[in-house]
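*Asks:* One structure, pasted below without further comment.
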Amino acid sequence: FYVMNVMTSGKELLSEEDIYNQLRRISKDANSCSNPPRLGVLTSERRKQWAVAREQLCQDAKNKANLDLIERSCFILCLDKPIDASFNHEASTEQTSSGVRDDTNRSLQLLHGMGSKHNGANRWYDKTMQFVVSADGNTGLNYEHSVSEGIAVIKLIEHILAYMEEMKTKRLRRFPSICDLPHPQKLEWHIDKQTEAHIQSGLEEIDKYVMTLSRRISKKISDKHVHLTANTFSGYNLLVDDLDLYILRFDMFGREYPKTVNMSPDSFVQLALQLAHYKVHKYLVPTYESASIRRFHLGRVDVIHAASMAALQWVKAMEGDVKTTNEQKLKLLREAIEHQTEHMLKTILGHGVDNHMLGLRVTAESVMGKLPDLFTDPVYVECNQFRLSTSQVSTTTDALICYGAVVPNGYGAAYNLHTDSIVVCISCWRDCPNPDISALRYGEALRQAFEDMHEMIQANVELAKINTVSTESKIPEENLATTKENGESDSAEKQQ
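Residue numbers (UniProt numbering): 1 to 496.
This is the structure in C-alpha cells:
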C-alpha cells in the first residue's frame, strides 16, 4: 500500500500528468518488492474476525498510523494484474477459445479479484470506493454500499467517463514539475505471527473457493496460530468460486419499447423477471426492488415487492397452466403492470411498509428485550427472505452493475435499461441446496420471457396500448420533476 498526495504543499491540485507519473513511481517500486504483506485480505473477513486482527495490528504504533492514513484517504486505487480468458463464463466458448475476456470475467475481477494467485488481496473492502484498474484496460469501481445509494455512485462514474472523453481532445497540463513532488509514501508494516496467521487463513479461504484448487497456500503456520484462526471465514468464501455470475445482453428492444404500449419500462422488466423465475422454478418468491426515498430527509431506500397475485395469475397464463387466449394474457399483463407501477409510485413517495416495520421491530426488541411474535412468524420471516433481489441502475454508458444474491437459495438481478437494449447481471450461489438454481439457466429464461412478451404484444398492439390505470394511482405532476433527480434509477421514465 502507498499513500499519494493529490495536492502540492502549496495546496494546488496535481495535474493529470503529475498523477500519472506518481503512479508510475508506485508501480515501479511495487514491482521491485518481493513478498509484501497482503494485508488487504483481512478486510474480506467477517467483521468479528477482522476486528480481532485489526486490534492486533493497532498494538503497534506504526501499523495504527498506517491504518489511519488508509481510512482518511479519499479512496483506494487498486492497480491489478489482468485475468486470462480461462475465467470466462462456461457459455462463452468462442471468446474463451480466442483468448478474449468476456463480461463475466471482467465483472468478477472487479467483485473479488479472482483469488490469491491474482488480485484477491489487492483490495481494502472497508473503503467506500475502490477504483480498480487492470493492466489490460478493465476498469471499474467496487464500492461499500452502507453509506451511499447506486444513483450517487453512478453520477460520479459517469462524470469521470465524460471528463475522460473531454480530455482526449486536450493536452494534459502539469504544474508544478514532477521533480518538486515527494515520492509517494510506501506503508511499512510490522507483522507479528498472529497477524501473519490471520492473513494466511484469509488467503487459504480465497483459494479454497477459486476453481476448487487442489492445493492451498503452501506456507505453513504453527498449530497455535491455526487454532487462533480455526473459526475464521473469509468474506471471499461466497464471492469467488461459489459466485455464479451471468451477464445477459438483450438487444431485441430496450426501455423505449414498453412506452410504445403505455407500459412502465421498469414494471415491464419486473414482470419479465417474475416470468423467468416461474419458467425455471414453477413458483414465485419474495422479490426485492430498491426504491429510492432520497427525496426525504435522510431517506435511503424502501422496498418494492414485485411478486403479487396479479403477477402470479399472468405468469400462469403465459406458461399454459391455465387455458387463455392471447387477448386474455394481454389483459392479465396490463393488470399486473398497473399493480406493479402503482405500488412502485406509492413506495418512492414514502408509502412503503418495510422501513416502518423495521423501525417497529428494532424498537420493540430494544424495549421488550425480545422480538414480538409478529416478527418471528414464519410468514413474516419468509417475506423478508428476498430470493430475488433486483435493482434498476441505468447509465448512459455501457456499464455493468452487479452484486451477489442476498440469500443462499436466491438470485441477484441488476438491470440497466438502454434505449434499444437491456443488460442484466444475474448472480446466484453454486453451493446452494436447490440444484435448479443457475445464473445461466435463469438468464436464458429471462431472455425467453422478454421474447414471449414481445410476441404477445405484437399480436395485438392496439389492445396492449389500452391503459386502465385510475387517475388516483398516478404520481402527482409536481413530483415528476424531482423523481428523476432523486430516484434510484431513471424514475421519470418509469412512470410514463
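Glycine included, C-beta positions come from ideal geometry on N, C-alpha and C.
With L273 as the anchor, note down where its alpha helix (DSSP H) starts and where it stops.
*Replies:* By 1-based counting over the sequence shown, the position of residue 273 is 273. Element bounds for L273: 265-281.
*Asks:* Going by DSSP, what residue range makes up the beta strand (DSSP E) through R249?
*Replies:* Locating residue 249 in the sequence shown gives position 249, counting from the first residue. 243-250 is the extent of the beta strand (DSSP E) around R249.
*Asks:* With burial defined as no fewer than 16 other Cβ atoms inside 10 Å of the residue's Cβ, what is the status of H145: buried or exposed?
*Replies:* One-based indexing of the sequence shown puts residue 145 at position 145. The residue in question, H145, is exposed, as its Cβ has fewer than 16 Cβ neighbours within 10 Å.
*Asks:* Looking at the secondary structure, which residues open and close the alpha helix (DSSP H) in which I160 lies?
*Replies:* On the sequence shown, position 160 is the one that residue 160 refers to. Start and end: 150-167.
*Asks:* Do you know how far the Cα of V322 is from the Cα of A152?
*Replies:* As a first step, residue 152 must be located in the sequence shown, where it is residue number 152. As a first step, residue 322 must be located in the sequence shown, where it is residue number 322. For A152 and V322, the distance between alpha carbons rounds to 44 angstroms.
*Asks:* Specify, as a first and last residue, the run of the alpha helix (DSSP H) that A439 falls within.
*Replies:* If you number the sequence shown from 1, residue 439 lands on position 439. Looking at the DSSP string, the run of the alpha helix (DSSP H) that includes A439 is 439-458.
*Asks:* Consult DSSP for H112 and reduce its assignment to one of helix, strand or coil.
*Replies:* Here residue 112 refers to the residue found at position 112 of the sequence shown. Here H112 sits in helix by DSSP.
*Asks:* Looking only at its chain, what residues have a beta carbon closer than 7 angstroms to the beta carbon of E327, apart from the 5 residues adjacent to it on each side?
*Replies:* Numbered from 1 along the sequence shown, position 327 holds the residue referred to as residue 327. Within the same chain, E327 has close Cβ partners N460, L463.
*Asks:* Work out the CA separation of H351 and G369 for me, nearest whole Å.
*Replies:* Taking the first residue of the sequence shown as 1, we reach residue 369 at position 369. Taking the first residue of the sequence shown as 1, we reach residue 351 at position 351. So the alpha carbons of these two residues sit roughly 28 angstroms apart.
*Asks:* Use the C-beta contact count for F75: other C-beta atoms within 10 angstroms, 16 or more gives buried, fewer gives exposed.
*Replies:* If you number the sequence shown from 1, residue 75 lands on position 75. When all chains shown are included, F75 counts as exposed.
*Asks:* If you measure between the beta carbons of Y415 and T390, is that distance less than 9 angstroms?
*Replies:* Counting from one through the sequence shown, the residue named residue 415 turns up at place 415. Counting from one through the sequence shown, the residue named residue 390 turns up at place 390. Yes.
*Asks:* Going straight from the alpha carbon of R334 to that of S308, what length do you get?
*Replies:* On the sequence shown, residue 334 is found 334 positions in, with the first residue counted as 1. On the sequence shown, residue 308 is found 308 positions in, with the first residue counted as 1. Taking the straight line joining both Cα atoms gives about 13 angstroms.
*Asks:* So, does the region 46-57 touch the region 94-106, judging by three or more C-beta pairs under 8 angstroms?
*Replies:* no
*Asks:* Is the region 424-431 close to the region 254-267, with three or more CB pairs under 8 angstroms?
*Replies:* no
*Asks:* Looking only at its chain, what residues have a beta carbon closer than 6 angstroms to the beta carbon of T104, apart from the 5 residues adjacent to it on each side?
*Replies:* The residue given as residue 104 occupies position 104 in the sequence shown. In the same chain as T104, and ignoring 5 residues on each side of it, the C-beta atoms closer than 6 angstroms to its own belong to H89, L245, I247, in chain order.
*Asks:* What residue range does the beta strand (DSSP E) around S391 cover?
*Replies:* Stepping through the sequence shown from its first residue, residue 391 is reached at position 391. Unbroken beta strand (DSSP E) run through S391: 388-392.
*Asks:* Mind the definition here: the region 54-69 touches the region 189-200 only if three or more C-beta pairs lie below 8 angstroms; say whether that holds.
*Replies:* yes
*Asks:* Whose C-beta lies closer than 6 angstroms to the C-beta of H418 among residues of the same chain, with five residues either side of it excluded?
*Replies:* Your numbering for residue 418 matches position 418 in the sequence shown. Taken in chain order, the residues that qualify are G254.
*Asks:* State the Cα-Cα distance for the pair G137 and L111, rounded to the nearest angstrom.
*Replies:* The sequence position of residue 137 within the sequence shown is 137, counting from 1. The sequence position of residue 111 within the sequence shown is 111, counting from 1. If you take the alpha carbons of G137 and L111, they lie about 16 angstroms apart.
*Asks:* Express the C-alpha separation of R294 and V423 in angstroms, rounding to a whole number.
*Replies:* Translated into the one-based positions of the sequence shown, residue 423 becomes position 423. Translated into the one-based positions of the sequence shown, residue 294 becomes position 294. When only Cα atoms are considered, V423 and R294 end up about 25 angstroms apart.
*Asks:* In the DSSP assignment, find the alpha helix (DSSP H) that holds E319 and state where it starts and stops.
*Replies:* Start at 1 with the first residue of the sequence shown, and residue 319 comes out as number 319. The continuous stretches of alpha helix (DSSP H) do not include E319, and DSSP gives it neither H nor E.
*Asks:* Just verifying my parser: in three-state terms, what is the DSSP assignment at I426?
*Replies:* Residue mapping note: residue 426 aligns to position 426 of the sequence shown, counting from 1. In this structure, I426 counts as strand in the three-state DSSP scheme.
*Asks:* V261 to M129, Cα distance in whole Å?
*Replies:* On the sequence shown, residue 261 is found 261 positions in, with the first residue counted as 1. On the sequence shown, residue 129 is found 129 positions in, with the first residue counted as 1. Distance between the alpha carbons of V261 and M129: 40 angstroms.
*Asks:* Three or more beta-carbon pairs under 8 angstroms between the region 362-381 and the region 283-303, yes or no?
*Replies:* no
*Asks:* Determine the direct distance from the alpha carbon of D242 to that of F87, and round the result to whole angstroms.
*Replies:* If you number the sequence shown from 1, residue 87 lands on position 87. If you number the sequence shown from 1, residue 242 lands on position 242. Between F87 and D242, the C-alpha separation is close to 13 angstroms.
*Asks:* Taking the alpha-carbon positions, what's the D126 to L400 distance?
*Replies:* As a working mapping, residue 126 is identified with position 126 in the sequence shown. As a working mapping, residue 400 is identified with position 400 in the sequence shown. When rounded, the distance between both Cα atoms is 22 angstroms.
*Asks:* Examine the ligand NAP and report whether any of its heavy atoms sits within less than 8 angstroms of the Cβ of N326.
*Replies:* Judged by which ligands are present, the structure shown has none, so any question about the ligand NAP falls away.
*Asks:* Tell me the DSSP secondary structure of E16 in three-state form.
*Replies:* Taking the sequence shown and counting its residues from 1, one reaches residue 16 at position 16. Looking at E16 - three-state DSSP - the assignment turns out to be helix.
*Asks:* Roughly how many angstroms separate the alpha carbons of H454 and A311, rounded to a whole number?
*Replies:* Position 454 of the sequence shown, counted from the first residue, corresponds to residue 454. Position 311 of the sequence shown, counted from the first residue, corresponds to residue 311. Roughly 17 angstroms separates the two Cα atoms.
*Asks:* When you compare each of G410, P37, L345, L330 to I466 by their alpha carbons, which one comes out closest?
*Replies:* Numbered from its first residue, the sequence shown carries residue 466 at position 466. Considering only alpha carbons, the answer is L330.
*Asks:* Looking at the structure shown, is C383 part of a helix, part of a strand, or coil, going by DSSP?
*Replies:* One-based indexing of the sequence shown puts residue 383 at position 383. Three-state result, C383: helix.
*Asks:* Taking G113 as the reference, give the member of V3, G40, E149, I160 with the closest Cα.
*Replies:* Numbered from its first residue, the sequence shown carries residue 113 at position 113. G113 has its Cα closest to that of G40, out of V3, G40, E149, I160.
*Asks:* What does DSSP give as the partner residue(s) for D302 in the beta ladder?
*Replies:* Within the sequence shown, numbered from 1, the residue matching residue 302 stands at position 302. Bridge partners of D302: A291.
*Asks:* Count the other C-beta atoms from every protein chain shown that fall within 10 angstroms of the C-beta of C402, then say buried if there are 16 or more, exposed otherwise.
*Replies:* Stepping through the sequence shown from its first residue, residue 402 is reached at position 402. With 16 or more Cβ atoms within 10 Å of its Cβ, C402 is classed as buried.
*Asks:* Please classify E45: does DSSP put it in a helix, a strand, or coil?
*Replies:* Counting from one through the sequence shown, the residue named residue 45 turns up at place 45. Strand at E45.
*Asks:* Quick one, are the C-beta atoms of V147 and L141 less than 9 angstroms apart?
*Replies:* Mapped onto the sequence shown, residue 147 falls at position 147. Mapped onto the sequence shown, residue 141 falls at position 141. It is not a contact, given that the beta carbons lie outside the stated cut-off.
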